[in-house]
Amino acid sequence: MTSLVGHDAQAQTLLAAASSGRMHHGWILSGPRGIGKASFARAMAMRLLADAAGPKIEGEGLDVPESHPIRRLIEASAHPDYAELAPLEKDGVTARNISVDQVRGLQRLIQSAPSLSSRRIVVIDSADDLERGAANALLKTLEEPPADMIFLLVSHAPGRLLPTIRSRCRTMRFDPLSDSAMATVLRREDESLSGPELDALLRAGEGSPGRALRYAGLDLAGLEKSLLAIAADGDPGNRERLRLAKALAGKAAKPRYEAFLERAPAFIAQAARTRHGPALGSALDHWEAARHLAGGAVILSLDPASVVFELGGHVAALAEAAT
Numbered sequence: 001m002t003s004l005v006g007h008d009a010q011a012q013t014l015l016a017a018a019s020s021g022r023m024h025h026g027w028i029l030s031g032p033r034g035i036g037k038a039s040f041a042r043a044m045a046m047r048l049l050a051d052a053a054g055p056k057i058e059g060e061g062l063d064v065p066e067s068h069p070i071r072r073l074i075e076a077s078a079h080p081d082y083a084e085l086a087p088l089e090k091d092g093v094t095a096r097n098i099s100v101d102q103v104r105g106l107q108r109l110i111q112s113a114p115s116l117s118s119r120r121i122v123v124i125d126s127a128d129d130l131e132r133g134a135a136n137a138l139l140k141t142l143e144e145p146p147a148d149m150i151f152l153l154v155s156h157a158p159g160r161l162l163p164t165i166r167s168r169c170r171t172m173r174f175d176p177l178s179d180s181a182m183a184t185v186l187r188r189e190d191e192s193l194s195g196p197e198l199d200a201l202l203r204a205g206e207g208s209p210g211r212a213l214r215y216a217g218l219d220l221a222g223l224e225k226s227l228l229a230i231a232a233d234g235d236p237g238n239r240e241r242l243r244l245a246k247a248l249a250g251k252a253a254k255p256r257y258e259a260f261l262e263r264a265p266a267f268i269a270q271a272a273r274t275r276h277g278p279a280l281g282s283a284l285d286h287w288e289a290a291r292h293l294a295g296g297a298v299i300l301s302l303d304p305a306s307v308v309f310e311l312g313g314h315v316a317a318l319a320e321a322a323t
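Each residue of the sequence shown is one higher than the one before, starting from 1 at the first, in our numbering.
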């Protein structure tokens, strides 16, 4: 679970609005994936409902004691004044969208009076996943919101939402986390992280703990060490590329292989940011080729060893372009 570290300012803004009695009914929580927007929305909903039920919790953070009855009800999916919409999962497969029927299912909550306090809250994770009909159904409620009802809409790409939904909500921006905040989250998730592995996860995450944690336990530092070695001198004799291809070709290495498919193009892109002129153009060409190859490797069932070796070739070209 992505931590709330680094989102104190947003928490204080919403808590202050709630305390003033002027809390807007609709909020779009926008920003990159994996930085904790959904976790923030759930924690905010829990804190607002706990405060509204009384007595008010002291402090500016969003922590609600584990023994608090409101927390226990929400975690048991039994709070009558709270609802959460997300793509449904069936037989281990998650739907692509939030359906119109799910939005219509909010009518019970919308039409009834609050049960445990003066508030009702709906979290939508994410609003980007709303079907067209579902978005239109939500819009009708946002246009005429019931009193004391709050919608927290998580969005990774708010520009894709209906303009009418955006116009009826206030947008709160969540930026990527700093390295220090990232390190706090990652160490809390895995206290055994070594220095090199933590540094590798920080680079891979680029301010997104959720993205970084996808690589946890895969020796990302080892993969980056190989990429750096190949980029440094172009890997004359192909020794490092052959070693890496062999290491990632086995069935047991599939998670590391898939991590490599993501990291190799990203490594080239990060190198490109430091270059200019012809060197930049060359790096971008190799990034595009690497991205295309990596993107189709699993779908097309390409031979892993061949893919790793070819991706290594695009990384090796960075050495030649730098000279």
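Note that beta-carbon positions come from the ideal geometry of N, C-alpha and C, so glycine has one too.
{"Query": "Met1, DSSP secondary structure in three states", "Result": "Any reading at Met1 needs caution, since the residue's pLDDT is 35, under 50, leaving its predicted position unreliable; the model's value is listed next. Coil, per DSSP."}
{"Query": "Neighbourhood of Ile165 by C-beta distance below 6 angstroms, restricted to the same chain and skipping five residues each side", "Result": "Leu139"}
{"Query": "Exposure label - Ser3; buried when at least 16 CB within 10 Å", "Result": "Here Ser3 scores only 44 on pLDDT, less than 50, and its place in the model should not be relied on; the value that follows carries that caveat. Burial call: buried."}
{"Query": "Runs of alpha helix (DSSP H) lying entirely within the segment 97-179, each at least 4 residues, in chain order", "Result": "100-104, 107-111, 132-143, 163-167"}
{"Query": "Sequence-distant residues of its chain with Cβ nearer than 6 angstroms to Gly133 (five each side left out)", "Result": "Val100"}
{"Query": "Contact set for Asp190: own chain, Cβ-Cβ below 7 angstroms, skip 5 residues either direction", "Result": "Ala216"}
{"Query": "C-alpha gap between Ser194 and Arg119, whole angstroms", "Result": "45 angstroms"}
{"Query": "Cut-off 6 angstroms between Cβ atoms - residues of its own chain near Val103, not counting five sequence neighbours on either side", "Result": "Ala134, Ala137, Leu138"}
{"Query": "Euclidean distance between Cα positions of Glu324 and Leu213", "Result": "Nothing about residue 324 can be read from this structure; the chain reaches only from 1 to 323."}
{"Query": "Spatially closest choice to Ile121 from Ile74, Lys251, Pro278, by CA coordinates", "Result": "Ile74"}
{"Query": "Nearest neighbour of Phe267, chosen from Ala181, Arg291, Ala16 [CA to CA]", "Result": "Arg291"}
{"Query": "Minimum C-alpha distance to Glu206 - residue among Gly31, Ala18, His24, Ser19", "Result": "Gly31"}
{"Query": "Cβ separation of Ser117 and Ala53, assumed to be a contact under 8 angstroms, to the nearest whole Å", "Result": "4 angstroms"}
{"Query": "Cβ-based burial, Leu130 [other Cβ within 10 Å; buried from 16]", "Result": "buried"}
{"Query": "Beta-carbon separation (whole angstroms), Gly234 vs Ala319, contact threshold 8 angstroms", "Result": "4 angstroms"}
{"Query": "Where Ser30 falls: helix, strand or coil (DSSP)", "Result": "strand"}
{"Query": "Nonlocal neighbours in the same chain, by C-beta distance under 6 angstroms from Gln10, ignoring five residues either side", "Result": "Met172"}
{"Query": "Extent of the continuous alpha helix (DSSP H) to which Ala83 belongs", "Result": "Here Ala83 belongs to no alpha helix (DSSP H); instead the beta strand (DSSP E) covers 82-85."}
{"Query": "CA-to-CA distance, Asp128 to Pro87, given in whole angstroms", "Result": "11 angstroms"}
{"Query": "Residue of Val315, Ser306, Arg203, Arg47 minimising C-alpha distance to Arg72", "Result": "Arg47"}
{"Query": "Pick from Leu15, Arg33, Ala249 that is closest to Arg211, judged by C-alpha positions", "Result": "Arg33"}
{"Query": "Ser19 burial status per 10 Å Cβ neighbour count (16 or more: buried)", "Result": "exposed"}
{"Query": "Nearest-angstrom Cα separation, counted from Glu60 out to Ala317", "Result": "51 angstroms"}
{"Query": "Contact belief for Phe309 with Leu202 at Cβ below 8 angstroms, rounded distance in angstroms", "Result": "Not really, about 28 angstroms apart at Cβ, beyond 8 angstroms."}
{"Query": "CB contact below 7 angstroms: Ala245 versus chain B", "Result": "This model lacks chain B altogether, as it is built from one protein chain only."}
{"Query": "Bridge partner(s) assigned by DSSP for Ser93", "Result": "In the sequence under discussion, the amino acid at residue 93 is Val, which differs from the Ser named in the question. Val93 is bridged to Lys90."}
{"Query": "Collapsed DSSP secondary structure at Pro278 in the structure displayed", "Result": "helix"}
{"Query": "Cβ-Cβ separation, Phe151 to Gly26 (assumed contact under 8 angstroms), whole Å", "Result": "5 angstroms"}
{"Query": "Spatially closest choice to Ala264 from Arg275, Thr184, Ala252, Ala245, by CA coordinates", "Result": "Ala245"}
{"Query": "Cut-off 6 angstroms between Cβ atoms - residues of its own chain near Asp125, not counting five sequence neighbours on either side", "Result": "Ala38, Ala86, Val154"}
{"Query": "Inter-residue spacing [alpha-carbon to alpha-carbon] between Ala83 and Pro176", "Result": "27 angstroms"}
{"Query": "Rounded straight-line distance, which links the Cα of Val185 to that of Ala50", "Result": "25 angstroms"}
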